[in-house]
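Report on the structure given below.
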Amino acid sequence: MKYRRLGCTDLEVSTVCMGCWSISTKDFFWDGQAREDSIRAIHGSLEAGVNFFDTAPAYGNGESEEILGEALQGRRAKCVVATKVPPGDLEPAKLRASCEASLRALQTDYVDLYQVHWPNPGVPWEATWGALAQLQAEGKIRAAGVSNFGVSYLEQLPHRGRAETNQLPYSLLWRAVEYEILPWCRAHATGLLCYSPLAQGLLTGKFRAPQEVPDKRARTRLFSARRPLTRHGEPGCQDEAFAAIDALRAIAAEVGQALSRVAVAWLLHQPGVAAVVAGARDARQAADNAQAAEVELDDAVTRRLAEATETVKQIIGANADPWEHVSRMERP
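Residues are numbered in this note's numbering as their position in the sequence shown, beginning at 1, plus a constant of 858.
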């Protein structure tokens, strides 16, 4: 396992972070999860060298935090734990209450990285960042970050509090951050945390055609708005996406690696990326995710992988939200 520093902090984290959304047994989007498998996934990650875990109150209505807290008992001091404050809780009193609830669920007295889950233009940032600074001064959080922040929101932050990280969807099939957000993060030493690195399972290579993808995983703008559960209203780019997947699968075969590992390795090759947030529902998936950090790609292969997905990148454009059309997104 390899390790990198988060932003300008002294937090050294594994380049593969275990994303803990899918460990919840109660979440609508993750059917049939067993709590025992979730515990084994966390322990398997630890055994593979992963020391970084990301969760949120929104994941299973707090159950993800509870499972992570249970699994890390006796091992907490060796781990970097990240959780989030919901956008509806950014007023100071609500933010403090949300943080305290997360601490109880996680069975810990501090959070290493506390992230604003989504921006909320209805709450003044001075108040939000003042509350975060107070929690940091009290030792309840070690560092503050953001999630799902575009440049228009990021530009409000430097004078009101430093965001050490920004967590966004980034994968070979979802490269919207490359237009504006990733350059901004690089310029401000804000580490990018990449969620959905396998594009809801598309980059595992197990789906050979759009119709094979379950509706719960086909809500993004890659897919037609005719699919159930979508809300973006766009035509999607299913044909282009699956043509790209075929090309990526062939390149992965050439280098003798699973497509999923190549996809994670490609992200870790991108300057400005601090860690890849990869979900694991059992110990096998946890070990496989960790092994991806060891895959080395030369510059020629890295370029070919990017070229294979350039058409999809151009269609998706700079809107980093996978689920919503840009015209429906609030702007500050």
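Note that CB positions come from ideal geometry on N, CA and C, so glycine has one too.
Here the structure is a predicted model, which means the values were calculated and not measured.
Of the residues assessed, arginine 1000 falls on the buried side of the cut-off, its CB having 16 or more other CB atoms within 10 angstroms. Here tryptophan 983 is buried. Its C-beta has 16 or more other C-beta atoms within 10 Å. If you ignore the 5 residues before and after phenylalanine 887, its C-beta comes within less than 6 Å of the C-beta of Lys1074, all in its own chain and listed in chain order. Of the residues Thr883, Arg893, Gly902, Arg1044, the one whose Cα lies closest to the Cα of methionine 876 is Gly902. For the 8 Å CB-CB criterion, alanine 1141 and arginine 898 form a contact. Taking 4 residues as the shortest admissible run, the stretch 991-1027 contains the following complete alpha helix (DSSP H) segments, listed from N- to C-terminal end: 1009-1012. Using a C-beta cut-off of 8 Å, the stretch 1087-1104 makes no contact with the stretch 1126-1139, since fewer than three inter-stretch Cβ pairs fall below that distance.
The alpha carbon of methionine 859 has as its nearest neighbour, out of Gly1019, Thr883, Val908, the alpha carbon of Val908. Taking every protein chain shown into account, the CB of histidine 1017 has fewer than 16 other CB atoms within 10 angstroms, so this residue is exposed.
Within the stretch 1034-1070, the runs of alpha helix (DSSP H) at least 4 residues long that lie entirely inside it are, in chain order, 1039-1045. Take the alpha-carbon of glycine 1019 and the one of alanine 1034: they are about 25 Å apart. Bounds of the alpha helix (DSSP H) holding arginine 898 are 893-905.
A straight-line Cα-Cα distance of about 40 Å links lysine 998 and proline 1072. When C-beta atoms of the stretch 936-952 are compared with those of the stretch 965-976, three or more pairs fall below 8 Å, so the two segments count as touching. Relative to cysteine 878, the option among Leu964, Leu864, Thr867 whose CA is nearest is Leu964.
About 7 Å separates the CB atoms of alanine 1116 and alanine 1110; that is less than 8 Å, so the two are in contact. Out of Glu923, Leu948, Lys952, the CA that lies nearest to the CA of glycine 980 is found in Leu948.
For aspartate 1146, the enclosing alpha helix (DSSP H) starts and ends at 1141-1150. Under the DSSP assignment, alanine 1136 falls in the beta strand (DSSP E) whose first and last residues are 1131-1137. When the Cα atoms are used, glutamine 1143 and threonine 1048 turn out to be separated by approximately 28 Å. In the displayed model, aspartate 1073 falls within a helix according to three-state DSSP. Distance from the Cα of threonine 883 is smallest, within the candidate group Thr873, Leu926, Lys936, Arg1084, for Leu926. The distance from the Cβ of leucine 1061 to that of leucine 1050 is about 18 Å, inconsistent with a contact at the 8 Å cut-off.
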